[in-house]
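Before any comments, here is the structure.
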Amino acid sequence: MPDWKDTLNLPNTGFRMKANLPVHEPEIQEHWEKSDLYGQIRKQQRGKESYILHDGPPYANGRIHLGHALNKILKDFIVKSRTMAGFDAPYIPGWDCHGLP
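Per this note's numbering, residue 408 is the first one in the sequence shown, and the count goes up by one each step.
Written out as structure tokens, the structure reads:
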């Protein structure tokens, strides 16, 4: 009987089979803190034409729902796409109704 797994074109990947997040999450966070990607982008875009999108207050209209996630995702997409288009587009988070970030 043939070994059917040899007939499949399965991808080879370096991804771990188990996430093991308690061990690997601190490593990932350390990598992002060391790279300071957002800081580098902000420095590189300084002085270019500005594009400002103030993010509104979170959860100002009741309990959290899927619309809040969509709102954040779309605003994140817009700010990042404007940055890639050459604008100085900082992310400016909103404040809730009590003045808290």
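For each residue, glycine too, the CB sits at the ideal point set by N, CA and C.
Have a look at A476 and L460 and give me their C-alpha separation to the nearest angstrom. 17 Å
Cβ shell of L444 (< 8 Å), same chain only, five flanking positions each side left out: none
Beta-carbon contacts of G493 that lie in its chain and below 7 Å, excluding the five residues immediately before and after: K455
I'd like the span of the alpha helix (DSSP H) that includes P433, first residue to last. 428 to 442
For W439 and K479, what's the separation of their Cα atoms in angstroms? 21 Å
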